[in-house]
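So the sequence lines, in the order shown, correspond to chains A and B.
Okay, so the first sequence: first residue is 1 according to the working numbering, each after it adds one.
Okay, so the second sequence: first residue is 1 according to the working numbering, each after it adds one.
Ideal Cβ placement from N, Cα and C applies to all residues, glycine included.
All values derive from a computational prediction rather than experimental measurement.
Here the structure comes first, spelled out in structure tokens, and everything after it is commentary.
2 protein chains.
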Amino acid sequence: MPSAPPEQLVFRALADPTRRDILLKLRGHDMTIAEVADGFDMTRAAVKKHLTMLSDGGLIEVQARGRERINRLNPAALSPLRDWLSIFDEFWEDKLAALKTAVEKDTKT
Amino acid sequence: MPSAPPEQLVFRALADPTRRDILLKLRGHDMTIAEVADGFDMTRAAVKKHLTMLSDGGLIEVQARGRERINRLNPAALSPLRDWLSIFDEFWEDKLAALKTAVEKDTKT
DNA sequence: TCAATATGATACCGTTTGGTTTCAAATTAG
DNA sequence: CTAATTTGAAACCAAACGGTATCATATTGA
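Quick look at the structure:
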């Protein structure tokens with residue numbers, strides 16, 4: 001099995017708007033490279049590079065079928081991002097608690 | 001009030017590991033630029049550039065106090081990231097539902 | 001077989017990024 | 001006032017990024 005890509009590769013993959021758009025596009029169904037590229041204002045080669053970076057981050061999985069390459073979305077690879085965000089959830093809740101306290105104090109007056 | 005930074009600036013700000021570390025470091029308490037830079041293996045000037053990009057993404061807020069600049073974490077700016085992620089929550093649930101259906105079908109047999 | 005199709009791979013180019021060094025400017029401490 | 005402190009800003013550099021064009025390779029369809 002492929003080793004889980006380090007968190008950095010996930011963040012890096014998501015840093016480009018075209019790549020995020022590709023992920024959105026792949027929600028519907030799996031696609032060949034040419035299908036993914038269709039609609040983007042750049043060459044197929046450029047899209048291919050983006051797909052490679054997405055693959056590096058584990059966000060898509062590529063399966064060969066004849067001369068085609070089927071690109072499939074792998075939403076599970078977003079977990080590192082979720083985990084990282086959750087660190088700030090905790091902090092966020094602390095702020096909310098502080099706000100709640102402040103409001104209660106204010107209401108009591 | 002400062003206009004909400006477009007989602008792209010948030011993703012871009014989070015793409016660098018040093019910047020993510022800075023955000024983690026700022027969870028505890030607000031810090032001057034020199035304090036943030038302390039512990040990183042690079043010059044203060046380099047850290048300052050990272051802080052500027054974090055500020056561009058709205059992830060920190062900077063307040064001048066005398067000759068110092070106090071950098072404060074702004075976790076609310078992570079919302080665009082949460083929103084974007086939630087799009088795939090839906091997709092994820094769809095996959096779970098499909099799995100559930102498949103399992104039920106299989107059980108019924 | 002042979003031409004069309006789908007992709008892979010490489011070289012190349014301009015811009016951005018992540019870092020440095022250096023110097024100016026503002027503020028504060030003594 | 002003067003020196004030390006904290007930051008801002010600019011010039012510079014190598015590497016990465018996002019894109020192009022070009023050519024090679026593998027597969028398929030007629």
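(1) At what residues does the beta strand (DSSP E) containing Arg72 of chain B begin and finish?
(2) Within 10 Å of its beta-carbon, does His29 of chain B have 16 or more other beta-carbons around it, so buried, or fewer, so exposed?
(3) Report the residue ranges of all alpha helix (DSSP H) runs contained in full by the region 26-81 of chain A; include only those spanning at least 4 residues, in chain order.
(4) For Leu26 of chain A, which residues from the same chain have a beta carbon less than 6 Å from its beta carbon, with the 5 sequence-adjacent residues on both sides left out?
(5) Does the beta carbon of Pro5 of chain A sit closer than 8 Å to a beta carbon anywhere in chain B?
(6) To which residues of the same chain is Glu61 of chain B closer than 6 Å at the C-beta, ignoring the five residues directly before and after it?
(7) For Ile70 of chain A and chain B, any beta-carbon pair shorter than 8 Å?
(8) With Leu14 of chain A and Ile33 of chain A assumed to form a contact (beta carbons below 8 Å), what rounded beta-carbon distance in angstroms separates them?
(9) Between the Cα of Glu68 of chain A and those of A:Lys48, A:Pro80, A:Ile22 and A:Asp56, spot the shortest distance and give me the residue it belongs to.
(10) Measure from the C-beta of Pro17 of chain B to each C-beta in chain A and report whether the shortest distance is under 8 Å.
(11) Can you check whether the C-beta of Phe91 of chain A is within less than 8 Å of a C-beta belonging to chain B?
(12) Give the DSSP-derived three-state secondary structure of Ser86 of chain B in the structure shown.
(13) Looking at C-alpha atoms only, which residue of B:Arg44, B:Pro80, B:Ala37 and B:Arg65 is the closest neighbour of Pro5 of chain B?
(14) Kindly indicate which three-state DSSP category Pro17 of chain B falls into: helix, strand or coil?
(15) Using the rule of at least 16 other Cβ atoms within 10 Å of the residue's Cβ for burial, across every protein chain shown, is Arg12 of chain B buried or exposed?
(16) So if I threshold CB-CB distances at 8 Å, which residues from the region 24-39 of chain B count as touching chain A?
(17) Name, please, each residue of chain B whose Cβ falls closer than 7 Å to the Cβ of Gln8 of chain A.
(18) For Leu51 of chain B, decide whether its Cβ has a neighbour in chain A, counting only Cβ atoms nearer than 8 Å.
(19) Between the alpha carbons of Arg82 of chain A and Leu85 of chain B, how many angstroms are there, rounded?
(20) Just to make sure I have the definition right: I need the residues of chain A whose C-beta is within less than 7 Å of the C-beta of Leu14 of chain B. Which are they?
(21) Compare the C-beta of Leu54 of chain A with all C-beta atoms of chain B and state if any pair is closer than 8 Å.
(22) Mind checking Gly66 of chain A: buried by the 16 CB within 10 Å criterion, or exposed?
Let me lay it out:
(1) Glu68 to Leu73
(2) exposed
(3) 33-37 and 44-56
(4) Leu73
(5) no
(6) Arg72 and Asn74
(7) no
(8) Not confirmed; about 20 Å, so no contact.
(9) A:Lys48
(10) yes
(11) yes
(12) helix
(13) B:Pro80
(14) helix
(15) buried
(16) Leu24 and Arg27
(17) Pro17
(18) no
(19) 8 Å
(20) Phe11
(21) no
(22) exposed
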